[in-house]
Each structure stands twice: as C-alpha cells, then as structure tokens.
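Residue numbers (this note's numbering): 8 to 275. A virtual CB, placed ideally from N, CA and C, is assigned to each residue, including glycine. Worksheet: one structure, shown below.
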C-alpha cells in the first residue's frame, strides 16, 4: 500500500511538473502572412524609427492594433520569438541580419514601404551639409559608395572591399562628431569594440575627402536628431529616412542609398 501511495504521489508530482513546464512557455501560432494581416495585431518596432512612424498609423484603429516600442531592434525581435508580439516592422538589411541569426524567424515577401537614407544636419549648418552633398556626389560617381555597400551586403562580396583611407590624407579642418545608434547592422554596429558599418565607413570616406577627422558617438536612436539639432553632434547618420516630422528639426543631405521597411514574423 505504501508503495502504491508513493507511486501515486510521484505520478502527481510528474504531472504537475509537466503542467508547469508548459505553462507560459507556449508561443502562439503566427497569424501574420501579409501586410494585410498586420491590422489588429501587436506590432513591435524600434522607438523613433521609420517603422515606428509607419506602425503608428495602426494605433487606435477599430481592429484593436497595438504598437510595442523597444529601444533596440534586437529587443523587439526577442519579444517576437517569445510570442509577446505578432510581428516586427523594421528596415530590410537589419531584418536580414536578425533572421540570419534566428532560424525560427522569416521576412515576409510583402514590402511594407520603400524609403531612402540621408544624413541630417542642424538647420543653421547648411554650409557643412552642402559640403557633404558635394562629397556624396563624388563618392557615388567614383564607385566608393558602391564598394562600401558591397563590403557589408551580399553573400559573395561581404567583407571583401573594406574602406581604406587614401594614403596621405590630412585633417586640416578639425574634427566632426557623428551621432548614430550602433545597433543597426549592417549600417552601424559594434565589431571588436569598434563601430563599423555602411554609415560609419561612408561618413569616414566623406570626412577624409573634406579634411575632417571623424568621431562617432553612439546613443539611443531617438536621441540622434535631437543631438544634431542642439549642436551636440555635427551630423547624424543612422539609417535615417527623410520625414516631415524630422524636417521640422533638422535638414537632410542628398539621399545616398535606398531601403525598405519589411515585416519579420515567426515561421510557425
């Protein structure tokens, strides 16, 4: 009889352990299969990004959509993996980097929005902006920009064409401070404790051409425009899209690359 009671107790403990193990750990099935499915869902975005701006259009709709904002794109992706949100709206290249590292996630074929990236400047700093526009045009024309982009994007070319400062480059014009958010691979991110990426290298190429030493300051994404408009930083480069809201506080250079907003979802 004692053995039977022990067996029954063991079975009960085992059953309770199994129940608790499953409690709260199940991730809901993916229900976002196209852009049309976003309405009524819980949407994850990085605070202050274009994805945040686009997602804001869904807030307060009759379908009950909700937007969860995170300081880092990686935090939004983690929330998606654990089922706290239904999808993430984010720039295409960082999305690819996240999906490459998480085989349980995928990018929908539907493109959420097309956009272009530019660098931002304080309203009263038009002289520096025009100098940058001239350098951007030259670096586009001579292939430097394409080489920098191909160093970070593309399986066949990635890492094969790193930007190198031309021999004999001098910096008679002093230093420029660039505001960025180094959590946006492949545009700006940390590698071996240094900030690298398309924006970092392209800004370096521009400063080399104009005779400025470059210093990069890492900060939260939604602080970049404020840092530039207040004069704490000379310019901002952080995968920035030109928007009407941002134009109220800063001016933008000519666009230097095209981008897309895409949707990350769970595969199942």
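Segments assigned alpha helix (DSSP H), at least 4 residues, entirely inside the segment 107 to 188: 133 to 148, 151 to 159
Give me the residue from 102, 134, 50 with the minimum Cα distance to residue 71. 50
Going along the chain, which residues of its own chain have a beta-carbon closer than 6 Å to the beta-carbon of residue 252, five neighbours each way excluded? none
Could you please give me the residues that DSSP links to residue 242 through a beta bridge? 185
Roughly how many angstroms separate the alpha carbons of residue 121 and residue 229, rounded to a whole number? 21 Å
Just to check my reading of the structure: residue 39 and residue 65 have Cβ atoms closer than 8 Å, yes? What is that Cβ distance to the nearest angstrom? So it is not a contact: roughly 12 Å between Cβ atoms.
State whether the segment 148 to 168 contacts the segment 206 to 215, with contact taken as three or more CB pairs (one from each stretch) at a distance under 8 Å. yes
If I'm right that residue 232 touches residue 199 with Cβ under 8 Å, what's the distance once you round it to whole angstroms? Contact doesn't hold; Cβ gap of about 28 Å is too wide.
Do the CB positions of residue 99 and residue 267 come within less than 7 Å of each other? yes
Can you check which of these residues, 190, 274, 218, is closest to residue 244 by C-alpha distance? 190
Grouping DSSP H, G and I as helix and E and B as strand, with all else coil, what is residue 93? coil
When you compare only the Cα positions, how much space is there between residue 82 and residue 275? 20 Å
Residues of its chain near residue 59, where Cβ-Cβ distance is below 7 Å and the 5 sequence neighbours each way are ignored: 52, 53, 76
With a Cβ-Cβ cutoff of 7 Å, do residue 260 and residue 78 count as a contact? no
Grab me the residues of residue 74's own chain with a C-beta within less than 7 Å of its C-beta, minus the 5 sequence neighbours each way, in chain order. 50, 52, 62, 63, 65, 66
I'd like the span of the beta strand (DSSP E) that includes residue 248, first residue to last. Careful: residue 248 lies outside any beta strand (DSSP E) and carries neither H nor E.
Proximal residues to residue 4 (C-beta, below 6 Å), its chain only, five neighbours per side dropped: The structure shown does not extend to residue 4, since the chain spans only 8 to 275, so no value can be given for it.
Whole-angstrom distance between residue 36 and residue 240, CA atom to CA atom: 44 Å
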